[in-house]
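Asks: Take this structure, written in structure tokens, and hold onto it; I'll ask about it next.
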Amino acid sequence: MAKNRTKRELISHEPSRRATFKNRKASFFRKLNEITTLCGVIACAVIYNPSDTKTDVWPSPQEAFYVLEKFKNLSEERRGKFMVDQESFLKNNISKLNRQLERARFKNQELDEKLLLIEYLEGKNFLDPGRLESLNGLDQQLDKRIDFITNRIEFLEGLRRNQVDAELDSDGMVVRGIKGESLATTKVNLLSVGGSSSASHSK
91 MAKNRTKREL ISHEPSRRAT FKNRKASFFR KLNEITTLCG VIACAVIYNP
141 SDTKTDVWPS PQEAFYVLEK FKNLSEERRG KFMVDQESFL KNNISKLNRQ
191 LERARFKNQE LDEKLLLIEY LEGKNFLDPG RLESLNGLDQ QLDKRIDFIT
241 NRIEFLEGLR RNQVDAELDS DGMVVRGIKG ESLATTKVNL LSVGGSSSAS
291 HSK
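Terminal number for the sequence shown in the working numbering: 293, no gaps in between.
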């Protein structure tokens, strides 16, 4: 069962807010202790509670002072490289989610066009007026596949025209292949060029 997400807003009920703060603070310090112990990093935390005059410092004021001084001695570029506040953290997350959403939409569109192409090739829904708008997408899909196949044919025909008889030694290893190259080198070139449609096109 999916776990309900906690709303990121101020808890209006004060007793509940204090209890949540106490529990979350203990969990936060425990996580800090785990990451410093398991990963061998140094860290500190200073938590100010406006409803309490006491400031919580982890692991101790002396150790926290050492960590902060070490951090302050870093160059400005290194200090700011991974620093985020809540606003920039949320903006980065939103931007990341938007990119993921855009990729998912593009992938779903491609899958829909492929399925529609299969249906048309099988004679299904060919005259359905409600699906005529999708023909533009199918046209692009067909153009991509035609370009890919054309490039592959041209590449393989070029290999065949340049191919010479290979001489083999007693172990069956290739001594001379295409234009003096070993056949192993030729195979590597074939894989690197034929691995994607864009690579084939560049050839």
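Where a beta carbon is used, it is the ideal one built from N, C-alpha and C, also for glycine.
1) Using the Cβ count rule (16 or more neighbours within 10 Å means buried), how would you classify Asn241?
2) Rounded to the nearest angstrom, what separates Phe245 and Glu192 at their Cα positions?
3) Whole angstroms is fine: what's the gap from Leu211's alpha carbon to Lys97's?
4) Residues bridged to Val136 by DSSP?
5) Since Lys115 and Ile137 are thought to touch, with beta carbons under 8 Å apart, how far apart are those beta carbons, to the nearest angstrom?
6) Does Phe238 come out as helix, strand or coil in the three-state DSSP assignment?
7) Could you check whether Leu232 and Glu203 sit closer than 7 Å to each other, using their CB atoms as the reference points?
8) If I measure Cβ to Cβ from Arg107 and keep anything under 8 Å in the same chain, skipping five residues before and after, which residues do I get?
9) Answer with buried or exposed for Cys129, where buried requires no fewer than 16 other C-beta atoms within 10 angstroms of its C-beta.
10) Where does Leu158 sit, in a helix, a strand or coil, going by DSSP?
Replies: The answer reads as follows:
1) Residue 241 sits at position 151 when you count from the first residue of the sequence shown. So Asn241 ends up on the buried side.
2) Here residue 245 corresponds to residue number 155 of the sequence shown, with the count starting at 1. Here residue 192 corresponds to residue number 102 of the sequence shown, with the count starting at 1. So the two alpha carbons sit approximately 34 Å from each other.
3) As a working mapping, residue 211 is identified with position 121 in the sequence shown. As a working mapping, residue 97 is identified with position 7 in the sequence shown. Computed Cα separation, rounded: 49 Å.
4) By 1-based counting over the sequence shown, the position of residue 136 is 46. For Val136, which the question treats as bridged, DSSP gives the partners Val147.
5) The residue given as residue 115 occupies position 25 in the sequence shown. The residue given as residue 137 occupies position 47 in the sequence shown. Confirmed, about 6 Å.
6) By one-based count along the sequence shown, residue 238 stands at place 148. If DSSP states are grouped into helix, strand and coil, Phe238 belongs with the helices.
7) Position 113 of the sequence shown, counting from 1, holds the residue named residue 203. Position 142 of the sequence shown, counting from 1, holds the residue named residue 232. No, the Cβ-Cβ distance between Glu203 and Leu232 is not below 7 Å.
8) One-based indexing of the sequence shown puts residue 107 at position 17. Closer than 8 Å at the Cβ level, and outside the excluded window around Arg107, lie Leu100, Ile101.
9) Within the sequence shown, numbered from 1, the residue matching residue 129 stands at position 39. With fewer than 16 other Cβ atoms within 10 Å, it is exposed.
10) Position 68 of the sequence shown, counting from 1, holds the residue named residue 158. If DSSP states are grouped into helix, strand and coil, Leu158 belongs with the helices.
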